[in-house]
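Beneath this line is the structure, given in structure tokens, with notes to follow.
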Amino acid sequence: MADYNFREVEQKWQSYWEAIGQFEAQVDSTKPKFYSLDMFPYPSGAGLHVGHPLGYIASDIVTRYKRLKGFNVLHPMGYDSFGLPAEQYAIQTGQHPAITTEENIKRYTEQLKRIGFAFDWSREVRTSDPAYYRWTQWIFMQLFESYYDLEADRAMPIQTLTATFEKDGNRDVKAVCDEDVDVFSAEEWKAFDQTRQQQILLKYRLTFLAETTVNWCAALGTVLSNDEVKDGFSERGGHPVERKKMMQWSMRITAYADRLLRDLEKVDWPEPVKEMQRNWIGRSTGAEMVFQVEGHDLQIKVFTTRIDTIYGVTYLALAPEHEYVPELTTERERETVDAYVATAKNRSERDRMSDVKTISGAFTGSYAINPFNGERIQIWIADYVLAGYGTGAVMAVPAHDERDYNFARHFNLEIRQVIEGSMENGSFPGKGGTIMNSGFLDGLEMQDAMDKAIAFLENKKIGKGKIQYRMRDAIFTRQRYWGEPLPVYFKDGLPYLVSEKDLPLILPDVDKFLPTEEGEPPLGRAKNWTYHVDGGDYPLEMSTMPGWAGSSWYFFRYMDPKNEHQFVSKEAEKYWGSVDLYIGGAEHATGHLLYSRFWTKFLFDRGFVSIEEPFSKMINQGMIQGRSNFVFRKKGTNTFISAGLRDEHETVPMHVDVNIVYNDQLDLEAFKNWRPDLADASFVLEDGKYFCTAEVEKMSKSKYNVVNPDDVIERYGADTLRLYEMFLGPLEQFKPWNTNGIDGVFKFLRKLWKLYVDTSGNVAISDEAPSKEELKALHKAIKKVEEDIDRYSFNTSVSTFMICVNELSALKCSKRAILEPLAVILSPYAPHIAEELWQMMGHEKSIIHASYPEAKEEYLAEDTHEYPVSINGKMRVKINLPLGLAKEEIEKQALESDALQKWLEGKVPKKVIVVPGKIVNIVL
Numbered sequence: 007m008a009d010y011n012f013r014e015v016e017q018k019w020q021s022y023w024e025a026i027g028q029f030e031a032q033v034d035s036t037k038p039k040f041y042s043l044d045m046f047p048y049p050s051g052a053g054l055h056v057g058h059p060l061g062y063i064a065s066d067i068v069t070r071y072k073r074l075k076g077f078n079v080l081h082p083m084g085y086d087s088f089g090l091p092a093e094q095y096a097i098q099t100g101q102h103p104a105i106t107t108e109e110n111i112k113r114y115t116e117q118l119k120r121i122g123f124a125f126d127w128s129r130e131v132r133t134s135d136p137a138y139y140r141w142t143q144w145i146f147m148q149l150f151e152s153y154y155d156l157e158a159d160r161a162m163p164i165q166t167l168t169a170t171f172e173k174d175g176n177r178d179v180k181a182v183c184d185e186d187v188d189v190f191s192a193e194e195w196k197a198f199d200q201t202r203q204q205q206i207l208l209k210y211r212l213t214f215l216a217e218t219t220v221n222w223c224a225a226l227g228t229v230l231s232n233d234e235v236k237d238g239f240s241e242r243g244g245h246p247v248e249r250k251k252m253m254q255w256s257m258r259i260t261a262y263a264d265r266l267l268r269d270l271e272k273v274d275w276p277e278p279v280k281e282m283q284r285n286w287i288g289r290s291t292g293a294e295m296v297f298q299v300e301g302h303d304l305q306i307k308v309f310t311t312r313i314d315t316i317y318g319v320t321y322l323a324l325a326p327e328h329e330y331v332p333e334l335t336t337e338r339e340r341e342t343v344d345a346y347v348a349t350a351k352n353r354s355e356r357d358r359m360s361d362v363k364t365i366s367g368a369f370t371g372s373y374a375i376n377p378f379n380g381e382r383i384q385i386w387i388a389d390y391v392l393a394g395y396g397t398g399a400v401m402a403v404p405a406h407d408e409r410d411y412n413f414a415r416h417f418n419l420e421i422r423q424v425i426e427g428s429m430e431n432g433s434f435p436g437k438g439g440t441i442m443n444s445g446f447l448d449g450l451e452m453q454d455a456m457d458k459a460i461a462f463l464e465n466k467k468i469g470k471g472k473i474q475y476r477m478r479d480a481i482f483t484r485q486r487y488w489g490e491p492l493p494v495y496f497k498d499g500l501p502y503l504v505s506e507k508d509l510p511l512i513l514p515d516v517d518k519f520l521p522t523e524e525g526e527p528p529l530g531r532a533k534n535w536t537y538h539v540d541g542g543d544y545p546l547e548m549s550t551m552p553g554w555a556g557s558s559w560y561f562f563r564y565m566d567p568k569n570e571h572q573f574v575s576k577e578a579e580k581y582w583g584s585v586d587l588y589i590g591g592a593e594h595a596t597g598h599l600l601y602s603r604f605w606t607k608f609l610f611d612r613g614f615v616s617i618e619e620p621f622s623k624m625i626n627q628g629m630i631q632g633r634s635n636f637v638f639r640k641k642g643t644n645t646f647i648s649a650g651l652r653d654e655h656e657t658v659p660m661h662v663d664v665n666i667v668y669n670d671q672l673d674l675e676a677f678k679n680w681r682p683d684l685a686d687a688s689f690v691l692e693d694g695k696y697f698c699t700a701e702v703e704k705m706s707k708s709k710y711n712v713v714n715p716d717d718v719i720e721r722y723g724a725d726t727l728r729l730y731e732m733f734l735g736p737l738e739q740f741k742p743w744n745t746n747g748i749d750g751v752f753k754f755l756r757k758l759w760k761l762y763v764d765t766s767g768n769v770a771i772s773d774e775a776p777s778k779e780e781l782k783a784l785h786k787a788i789k790k791v792e793e794d795i796d797r798y799s800f801n802t803s804v805s806t807f808m809i810c811v812n813e814l815s816a817l818k819c820s821k822r823a824i825l826e827p828l829a830v831i832l833s834p835y836a837p838h839i840a841e842e843l844w845q846m847m848g849h850e851k852s853i854i855h856a857s858y859p860e861a862k863e864e865y866l867a868e869d870t871h872e873y874p875v876s877i878n879g880k881m882r883v884k885i886n887l888p889l890g891l892a893k894e895e896i897e898k899q900a901l902e903s904d905a906l907q908k909w910l911e912g913k914v915p916k917k918v919i920v921v922p923g924k925i926v927n928i929v930l
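Using the numbering used here, the letters of the sequence shown correspond one by one to residues 7 to 930.
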């Protein structure tokens with residue numbers, strides 16, 4: 007074919023790749039491995055827009071390049087297919103989430119295949135597939151059967167713990183556990199009945215059942231994570247969310263806090279993501295101490311990193327959810343406190359942490375005693391104190407903490423002077439120094455004062471030194487239907503695991519996807535949702551796992567997806583190891599990425615995998631923003647004024663579908679067919695055309711600026727889409743989608759085609775030796791593209807291809823020695839056209855089996871220099887001269903050049919300044 011028919015070529019090669027399983031990976035110890043992964047997509051009903059493939063295209067380029075470099079590549083794809091959106095659709099329509107999910111996956115897969123990704127589809131996994139979630143349930147069971155040994159600094163089987171209990175009791179056990187564990191001897195342990203023993207073990211297990219403060223959304227009938235709540239309402243649906251205590255399954259991710267923090271130094275991740283995890287983990291070294299409540303048999307426990315400021319405490323502040331609030335509130339203050347708590351408890355912790363402007367609280371009417379000086383201090387409730395962090399109570403030192411200071415000023419509470427800083431102009435005095443007149447701590451440096459204060463606490467048995475973390479244990483259950491069932495049944499009110507032989511525990515059918523009339527989760531509607539064991543039928547857990555369960559280990563399953571006996575074989579896991587390149591959004595920093603690291607470390611501890619960190623290298627791709635178009639309606643009419651004429655009329659701007667706008671020019675007929683109310687629209691045109699304006703906004707259906715990749719592929723082809731998305735700018739940056747610029751990329755591919763194919767449709771390839779200029783053009787491109795991919799700078803490669811093709815076209819190059827390597831280096835970016843040209847040049851095997859060419863310095867060495875020649879300070883011409891010429895020869899050849907003669911106008915220069923290899927300056 008004389009002209010490039012992208013539709014025919016792309017369909018041909020996509021069918022070929024699929025038919026022969028071109029990208030299916032096998033363990034091959036003769037080659038180095040490269041494991042490339044894209045963050046697990048959730049298959050929504052809307053399908054892909056052009057922003058979604060950005061990271062996928064980048065990873066695809068790298069994997070194709072690595073294959074050319076001799077690597078054995080694993081590049082899989084699958085779906086995070088459990089989730090709330092499908093369930094909400096099921097509630098609204100009655101359609102089973104499995105049907106919706108299957109339809110969405112089919113749509114996603116079709117779209118991804120049309121873009122030509124080198125995915126190994128034979129390894130596809132779905133979290134909602136029972137064959138997959140069998141192993142999610144299995145991992146949950148291993149966590150249940152494990153505890154964290156602090157001396158060994160790793161997870162160990164629970165049987166190791168029970169053996170210790172039987173031999174020595176728990177007095178000397180150093181393990182992560184609940185704080186209310188009683189000390190018992192070996193004899194006492196043996197005397198406990200099974201129920202008591204199981205209650206104790208539940209306080210040590212890495213996954214456990216406990217009463218926890220959660221975000222409860224009654225309208226959705228489920229617990230929500232902090233990320234799913236905004237300003238007291240669910241992000242999905244905008245329903246009210248209440249903070250309440252519920253019995254929930256949790257996981258002791260806090261046991262791994264130090265390792266999660268420390269091992270961030272082992273991974274090559276964007277520093278902002280690392281910093282988000284550091285802040286989320288929030289390691290603090292300080293002291294935990296108790297304040298006795300006056301007139302009550304209660305002690306309020308606080309954690310502080312600045313115990314040396316103890317003499318500056320002027321009040322205690324409790325979280326609104328603190329368990330002591332009802333008892334501490336006096337009758338005089340009860341109405342005020344109850345009203346405040348009712349409002350505060352519906353704000354999520356995330357909102358309260360981020361809101362530094364709102365100051366709200368209430369005085370309980372009770373007082374506590376400062377154990378250092380016996381001083382009587384007020385007990386308040388404050389919005390800025392979180393039940394989920396520390397003890398849910400803080401000792402407030404307004405002179406040393408900005409939030410304490412703002413709170414104290416707002417409620418006119420005492421603020422004591424400090425040695426460093428001042429209260430001039432009512433400004434916050436700063437955090438340096440120790441409290442004046444403290445006596446006990448006077449004259450000591452901060453660390454010495456801290457140490458002395460902690461020793462005092464421990465001697466008086468009212469506190470201790472402690473390392474505290476902001477991170478809380480992860481809540482692991484949701485009161486939803488569309489999720490993994492927990493493999494747990496209840497006997498005498500205590501949880502037990504089902505037998506491994508009964509996995510997977512299949513999600514049952516229900517008549518509705520709503521909670522029961524009694525408020526139980528949707529699984530309460532299932533018939534016979536019980537487990538038969540030991541001659542009895544026992545109720546199964548009715549909550550399901552959260553969305554992050556299946557995505558916390560999927561990268562292991564890709565290594566060995568068909569294994570029915572293990573979640574991954576030792577051989578496959580050891581060979582593929584950690585993910586070498588992981589591309590996805592930074593929004594998952596404190597969710598998926600943290601949970602994946604936690605589960606990987608646990609599986610490592612128990613000997614199931616050989617790696618401690620799942621993702622060695624990670625890149626966060628930026629967002630492709632929408633380019634909205636606007637038309638201008640003449641006020642009160644159905645007449646639309648072209649953009650250049652709008653100032654002559656009173657107009658109102660209106661978003662218009664970007665898919666009917668080309669180079670900012672509106673398709674008038676398509677516009678009239680777009681909506682019924684526009685059928686009789688009239689237009690005031692400029693030179694017979696209607697022009698729109700444009701603005702960069704987030705892609706949104708409401709702004710009519712969502713661009714479907716299918717439409718782009720249909721109009722321009724997949725290779726154009728791939729090149730253009732890379733050409734938009736650096737991968738990590740946000741950039742606007744602008745269809746106006748895509749024509750240039752499309753024309754480049756047609757120009758590339760013409761370099762290989764003559765007007766008759768035949769490949770015009772010569773076996774002649776290439777010229778020096780041709781070799782130089784090629785090897786510049788080889789070197790630049792290789793450097794770009796190695797540093798993940800894909801946008802500059804597209805420019806390099808364009809420059810190279812322009813240079814070779816100008817040289818009328820048709821040499822095989824040039825055009826074959828050019829096709830190879832282009833193939834990761836535009837694989838379809840590269841495959842076609844490769845075959846047309848006589849190759850039987852796919853271009854994927856070629857080797858990336860070596861850039862040879864001998865062809866890159868410059869033997870000439872382009873001298874800018876200035877006359878009286880103004881650059882007039884550029885002259886190419888051989889390198890190595892003497893100054894006199896450079897001057898002679900420059901002055902004799904025809905290009906310069908017209909600027910000299912026959913005048914003899916007064917002075918000529920020559921800098922060899924740099925410039926020539928002429929003074930007339």
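The beta carbon of each residue, even a glycine, is placed where N, CA and C say it ideally should be. If you're wondering where the values come from, they're calculated on a predicted model, not measured in any experiment.
Margin query: Using a 10 Å radius around the Cβ and a threshold of 16 neighbouring Cβ atoms, would you call L156 buried or exposed?
Written below: Label assigned to L156: exposed.
Note to self: Considering only the alpha carbon of each residue, which of W559, K119, F614 lies closest to S575?
What the structure shows: The shortest C-alpha separation from S575 is found at F614.
Check: Among the residues of its own chain, which have a CB less than 6 Å from the CB of G810, if the five just before and after it don't count?
Finding: Checking the sequence, you will find Cys at residue 810 rather than Gly. A distance below 6 Å between beta-carbons, with the five flanking residues on each side excluded, links C810 to the following residues of its chain, in chain order: A783, A787.
Next item on the list: Measure from the alpha carbon of F12 to the alpha carbon of each residue in D773, P742, W759, then state which is nearest.
Entry: When only C-alpha atoms are compared, the closest one is W759.
Notebook entry, point to check: Any heavy atom of the ligand GTP closer than 7 Å to the CB of W195?
Noted result: Inclusion of the ligand GTP in the displayed structure is not the case, the ligand content being empty and no account of it being possible.
Check: So is A224 buried or exposed if we call it buried at 16+ other beta carbons inside 10 Å?
Finding: Classification of A224: exposed, given that the 10 Å Cβ count is below 16.
Check: Grouping DSSP H, G and I as helix and E and B as strand, with all else coil, what is N443?
Finding: Note on N443: pLDDT 44, under 50, position unreliable in the model; the coordinate value appears next. Note: N443 maps to coil in three-state DSSP.
Item checked: Counterpart residues of P545 in DSSP-defined beta bridges -> P545 pairs with T536.
Checklist line | the region 210-220 contacting the region 253-265, beta-carbon criterion three pairs below 8 Å | finding: Yes, the region 210-220 touches the region 253-265.
Notebook entry, point to check: Would DSSP call Q572 helix, strand or coil?
Noted result: If DSSP states are grouped into helix, strand and coil, Q572 belongs with coil.
Next item on the list: Would you identify the three-state DSSP class for V871, choosing helix, strand or coil?
Entry: The sequence shown places His at residue 871, rather than the Val named in the question. Strand.
Checklist line | Nearest-angstrom beta carbon gap, G735 and Q5 [assumed within contact, 8 Å] | finding: Residue 5 falls outside the range modelled here, since the chain spans only 7 to 930, and no answer is possible.
Notebook entry, point to check: In chain order, what residues of the same chain have a beta carbon less than 6 Å from the beta carbon of R822, not counting five sequence neighbours either side?
Noted result: Here the set comprises I771, D773.
Item checked: Reduced DSSP category for D9 - H, G, I as helix; E, B as strand; rest coil -> Assigned with DSSP and collapsed to three states, D9 falls in coil, not helix or strand.
Next item on the list: Would you mind sorting D540 into buried or exposed? The rule is 16 or more other CB atoms within 10 Å of its CB.
Entry: A residue is called buried once 16 or more other Cβ atoms fall within 10 Å of its Cβ, and D540, having fewer, is exposed.
Checklist line | Residue environment, P435, which counts as buried when at least 16 other CB atoms sit within 10 Å | finding: Low confidence applies here, because P435 scores a pLDDT of 45, under 50, leaving its location unreliable; read the following figure in that light. A buried status is given to P435, since no fewer than 16 other beta-carbon atoms sit within 10 Å of its beta-carbon.
Next item on the list: Taking all protein chains shown into account, decide if M660 is buried (16 or more other Cβ within 10 angstroms of its Cβ) or exposed.
Entry: With fewer than 16 Cβ atoms within 10 Å of its Cβ, M660 is classed as exposed.
Next item on the list: Determine the burial state of Q98: buried for a count of at least 16 other Cβ atoms within 10 Å of its Cβ, exposed for fewer.
Entry: Exposed: under 16 other Cβ atoms inside 10 Å.
Check: Are there 16 or more other CB atoms within 10 angstroms of the CB of A649, so buried, or fewer, so exposed?
Finding: Buried, by the Cβ-count rule.
Next item on the list: Determine, using beta-carbon pairs with one atom in the region 104-118 and one in the region 142-152, whether at least three such pairs fall under 8 Å.
Entry: Between the region 104-118 and the region 142-152, the count of C-beta pairs closer than 8 Å stays below three; the two stretches do not touch.
Margin query: If I follow the unbroken alpha helix (DSSP H) through M162, where does it start and stop?
Written below: Note, M162: premise wrong, no alpha helix (DSSP H); beta strand (DSSP E) at 160-163.
Notebook entry, point to check: How many Å lie between R340 and S134 at the Cα?
Noted result: Spanning the two alpha carbons is a distance of roughly 49 Å.
Next item on the list: Assuming I925 contacts P874 (C-beta within less than 8 Å), just tell me the rounded distance between them.
Entry: Indeed they touch by this definition, with Cβ atoms about 6 Å apart.
Next item on the list: Give the straight-line distance between the Cα atoms of S557 and K640, rounded to the nearest whole angstrom.
Entry: Roughly 52 Å between the two C-alpha positions.
Item checked: When T657, M565, D653, V718 are compared against P620, the one with the closest alpha-carbon -> P620 has its Cα closest to that of M565, out of T657, M565, D653, V718.
Item checked: Rounded straight-line distance, which links the Cα of V667 to that of I839 -> Approximately 28 Å, taken between the alpha carbons.
Margin query: Can you look up N78 in the DSSP assignment and give me helix, strand or coil?
Written below: Three-state DSSP puts N78 in a strand.
Next item on the list: In the DSSP assignment, find the unbroken beta strand (DSSP E) run with I928 in it and report its ends.
Entry: In the DSSP assignment, I928 falls within the unbroken beta strand (DSSP E) covering 925-929.
Item checked: Exposure of P404, with buried meaning 16 or more beta-carbon neighbours within 10 Å -> P404 is buried by the Cβ-count criterion.
Note to self: My parser needs the alpha helix (DSSP H) runs of 4 or more residues fully inside the region 240-294; what are they?
What the structure shows: Qualifying alpha helix (DSSP H) stretches, in chain order: 263-268, 277-287.
Notebook entry, point to check: In whole angstroms, what is the alpha-carbon distance linking T69 and K580?
Noted result: Those two C-alpha atoms are separated by around 20 Å.
Checklist line | Rounded straight-line distance, which links the Cα of T745 to that of L843 | finding: The straight-line gap from Cα to Cα measures roughly 27 Å.
Note to self: According to DSSP, is P742 part of a helix, a strand, or is it coil?
What the structure shows: DSSP places P742 in strand when its eight states are reduced to three.
Next item on the list: Assign N176 to one of three DSSP states: helix, strand, or coil.
Entry: N176 falls in the coil class under three-state DSSP.
Notebook entry, point to check: Taking DSSP as the reference, what is the three-state secondary structure of N678?
Noted result: The sequence shown places Lys at residue 678, rather than the Asn named in the question. Correct three-state label for K678: helix.
Notebook entry, point to check: N110: buried (16+ other C-beta within 10 angstroms of its C-beta) or exposed?
Noted result: So N110 ends up on the buried side.
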